[in-house]
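Enquirer: Structure incoming, see below.
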Amino acid sequence: MEESEMEKQTGKYQVKILGIEEYRALTACQSACPVGTDTKRYVSAISKGDYEKAYLIARQTNPLVSVCSRVCTAPCEKSCRKGATGNPVDIRALKRFACDQHGAASTKFVVQRLDELSRCSDWVSDRAGNHVLNLSRHLGKARLKGKGGAQPARVAIVGSGPTGLSAAHDLALLGYGVTIFEAAPQAGGQLRSGIPAFRLPKEVLQKEIDAILELGVELQVNTTIGADLTLSQLREQGYQAVLLTIGLQDPMRIQIEGTSLYGVYNGIDYVRHHEKIDLGKSCLVIGGGGVAIDCAQHAVRQGAEQVMIACLESWETIPASRVEIEDAQEEGIRFYPSMGPQRFLGEDGRVTGVQFMKVASILDGEGRFNPSYVPDSAEVFRVDSVILAVGQASNLSSLKGLEGLEITPAGQIKAGDDMSTSLPGVFAGGDVRWRFARNATEAIADGQKAARSIHGYLRGESLKVRQRGYMRALPVDFQNTRCDTIAAAKIPKREAGERVRTREEITLGFEEKQAREQAARCRQCSIQTVFDRSRCLLCGTCVDTCVQGTLKLVRLEEIEGDEKLVQLTEALKKGAPAAKARTAIIKDETRCVSCGMCARRCPGGAITMAEFNLDEEWE
1 MEESEMEKQT
11 GKYQVKILGI
21 EEYRALTACQ
31 SACPVGTDTK
41 RYVSAISKGD
51 YEKAYLIARQ
61 TNPLVSVCSR
71 VCTAPCEKSC
81 RKGATGNPVD
91 IRALKRFACD
101 QHGAASTKFV
111 VQRLDELSRC
121 SDWVSDRAGN
131 HVLNLSRHLG
141 KARLKGKGGA
151 QPARVAIVGS
161 GPTGLSAAHD
171 LALLGYGVTI
181 FEAAPQAGGQ
191 LRSGIPAFRL
201 PKEVLQKEID
211 AILELGVELQ
221 VNTTIGADLT
231 LSQLREQGYQ
241 AVLLTIGLQD
251 PMRIQIEGTS
261 LYGVYNGIDY
271 VRHHEKIDLG
281 KSCLVIGGGG
291 VAIDCAQHAV
301 RQGAEQVMIA
311 CLESWETIPA
321 SRVEIEDAQE
331 EGIRFYPSMG
341 PQRFLGEDGR
351 VTGVQFMKVA
361 SILDGEGRFN
371 PSYVPDSAEV
381 FRVDSVILAV
391 GQASNLSSLK
401 GLEGLEITPA
411 GQIKAGDDMS
421 TSLPGVFAGG
431 DVRWRFARNA
441 TEAIADGQKA
451 ARSIHGYLRG
461 ESLKVRQRGY
471 MRALPVDFQN
481 TRCDTIAAAK
491 IPKREAGERV
501 RTREEITLGF
511 EEKQAREQAA
521 RCRQCSIQTV
531 FDRSRCLLCG
541 TCVDTCVQGT
551 LKLVRLEEIE
561 GDEKLVQLTE
571 ALKKGAPAAK
581 ARTAIIKDET
591 RCVSCGMCAR
601 RCPGGAITMA
611 EFNLDEEWE
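Pasting the structure below:
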């Protein structure tokens, strides 16, 4: 039983019986990952030196795994349970280590190796989400049923960002004929044009794009849907479904005096064309997110002598990550939080400065964006150039010929959780969808959901997913006590002066020894204590042994919970109606560190350490 909280006002412990979803949630890192990456197992594989296994586990649900190992915002780390008492495990850096050790692999190789290894008795890994084996085996089952002889349906994907690429990958594995239409000269979307090479080397991106194209996906670049091709023409060419993933291509603009002055640039255009833009000696970036940091670091690499970042947000609420801010500060970039631009100053048509006021609050009393300013706090920053990195907006001009497509008031395409739009056979995902998918991994997950929905649409029925959870007993000598004794290490990176001069990647990967040691910090939260009631002596040794205070021995009358608990306690009473005192062991999952001490000390052998596993099969 799990003790969800300590004693409530009722005077009883609130307890629940765990099911599949609760067990999944206990592995918080994996639950936080939009594509359900089996984080704890690839981290464990690294700690044991099995780098191919680590790569395959990380890759099995993510076709752009090497990209994500560099640019994902790492929600897994934010959810890591070690973060509550210290530093979380550096999961993204460990993923990068595995990817760099193995190198990008073709999808066919990944499927082949996973198929081979899945038949081995010692191979264990969750098979959840759009797992490559689920996709390929689903296609195999369809062919065995006699559906493989027909010409595969064709799907058009508009846009080759992470959403479009992941959808193309999955649909190709499901046997569909897929064509990606990209307006730019090269595939990748914002991964290519919006993320600088010092964060994501373009050769890493290209290798993963090439692996997707190897599946038979056709790529047509320099093709704008709406100008070069319309939806009706795509229909005429035999495409039975269309996925729109055109992203947010236009900059958001601020309506203040002087935005038309020469030397005022928007962040998107600057990142794409920075080598053609002269910033002068002093550059100011307005914005507090990752794009603002990227722009400022580009400016440093271009030779600007003074680079500043000013934003509405306070130090505590700046959207950019602490790592990004630290990198920028190391390169001499200065931050000015809680500053709101009021107007741009200029001479002879060129910007010379920006007037700011100190921000009192960003939101009004009703929680709406409505900044207010401190009276008499005006301050002027003298600069040679300004870069506006305050967000992005949709540009739906390429959607001509899609009359009837429902658009939100904010200018995004309205689509449901299954990515379907108001037009039959037309789906939308990524940033252009009605919600923003600011994380690259969220965008990949959108593509996977879209592929699943398109698959169901084309075969005329919803795809059913059968879920099975089970426990796998671990060896009796299992130990996991070392994880809390290893100190966190800083992720290596190039010295600031060197990386500015060479324009090479900022972050370096862990060395092998360091990677294995840092991977051993993982608590392996999927490991659980399984109690055998028939062997329990009710001696309380497990309770006394646990230094975390995880277990309690209580009377049955001291607990209460949901219907599952009621059914269990009623069954116990029926099984032993004469018993006057009934007891239970309850467990506080927030305290457990999966060390296994309770199992080793149990005199009755009533406790087994076991690992929760999840399999999802497509039907």
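Residues 1 to 619, numbered by UniProt numbering, are exactly what the sequence shown covers, in order. Even for Gly, the Cβ is constructed at its ideal location relative to N, Cα and C. Predicted model only: the values in this text are computed from it and were never measured.
Just grab the DSSP bridge partners of I225 for me.
Expert: L229
Enquirer: Cα separation between A437 and R81?
Expert: Caution is warranted here: a pLDDT of 46 is assigned to A437, below 50, making its placement in the model unreliable, and the coordinate value is therefore given only provisionally. Looking at the two C-alpha atoms, the distance is approximately 25 Å.
Enquirer: At which residue ranges does the region 380-459 contain complete beta strand (DSSP E) runs of 3 or more residues, listed in the order of the chain?
Expert: 385-388, 426-428
Enquirer: Considering just the uninterrupted stretch of the beta strand (DSSP E) at T179, what are its terminal residues?
Expert: 177-181
Enquirer: Quick check: V89 and R499, are their CB atoms within less than 8 Å of each other?
Expert: no
Enquirer: On the DSSP bridge assignment, give the partners of C283 in chain order.
Expert: V307, S385
Enquirer: Strictly by DSSP, which residues pair up with D615?
Expert: R127, R468
Enquirer: Scan the region 149-219 and note each continuous beta strand (DSSP E) run of 3 residues or more that stays entirely inside, going in chain order.
Expert: Given a length threshold of 3 residues, each whole run of the beta strand (DSSP E) inside the region 149-219 is given here in chain order: 154-158, 177-181.
Enquirer: Expressed to the nearest angstrom, what Euclidean distance is found between the alpha-carbon atoms of V35 and E505?
Expert: Taking the straight line joining both Cα atoms gives about 26 Å.
Enquirer: Which residues does DSSP list as the beta-bridge partners of R343?
Expert: E257, Q355
Enquirer: In angstroms, rounded to a whole number, what distance separates the CA positions of E316 and V390?
Expert: One C-alpha to the other measures close to 18 Å.
Enquirer: DSSP three-state call for G561: helix, strand or coil?
Expert: strand
Enquirer: Note the first and the last residue of the continuous alpha helix (DSSP H) segment covering A28.
Expert: 28-32
Enquirer: Nearest to S166 by CA position, among G604, A450, S31, is which residue?
Expert: A450
Enquirer: Within 10 angstroms of the Cβ of A410, are there 16 or more other Cβ atoms? Answer buried if so, exposed if not.
Expert: With fewer than 16 other Cβ atoms inside 10 Å of its own Cβ, A410 counts as exposed.
Enquirer: Using only the alpha-carbon positions, how far apart do A98 and I268 sit?
Expert: 32 Å
Enquirer: Please go through the same chain and pick out, in chain order, the residues whose beta-carbon is closer than 6 Å to the beta-carbon of T163, but skip the five residues on each side of it.
Expert: Counting only Cβ-Cβ distances below 6 Å, and skipping sequence neighbours, we find T245, G429, G430, A443, D446, G447.
Enquirer: Does K552 come out as helix, strand or coil in the three-state DSSP assignment?
Expert: Strand.
Enquirer: Taking the beta carbon of R24 as the centre, do at least 16 other beta carbons fall within 10 Å, making it buried, or is it exposed?
Expert: buried
Enquirer: For F335, which residues does DSSP report across the bridge?
Expert: I309
Enquirer: Taking DSSP as the reference, what is the three-state secondary structure of S361?
Expert: S361 falls in the strand class under three-state DSSP.
Enquirer: Counting Cβ pairs closer than 8 Å, one from the region 56-72 and one from the region 103-117, do we hit at least three?
Expert: yes
Enquirer: In the structure shown, what three-state DSSP assignment does R350 receive?
Expert: strand
Enquirer: Per DSSP, which one or two residues make a beta bridge with F510?
Expert: None; F510 has no bridge partner.
Enquirer: Have a look at I293 and C68 and give me their C-alpha separation to the nearest angstrom.
Expert: 19 Å
Enquirer: Could you name the residues that DSSP lists as bridge partners for I268?
Expert: According to DSSP, which records beta bridges pairwise, I268 is partnered with nothing at all.
Enquirer: On the three-state DSSP scale, how would you describe T541?
Expert: helix
Enquirer: Can you tell me which of A360, Q467, G549 puts its alpha carbon nearest to the alpha carbon of I20?
Expert: Closest by alpha carbon: Q467.
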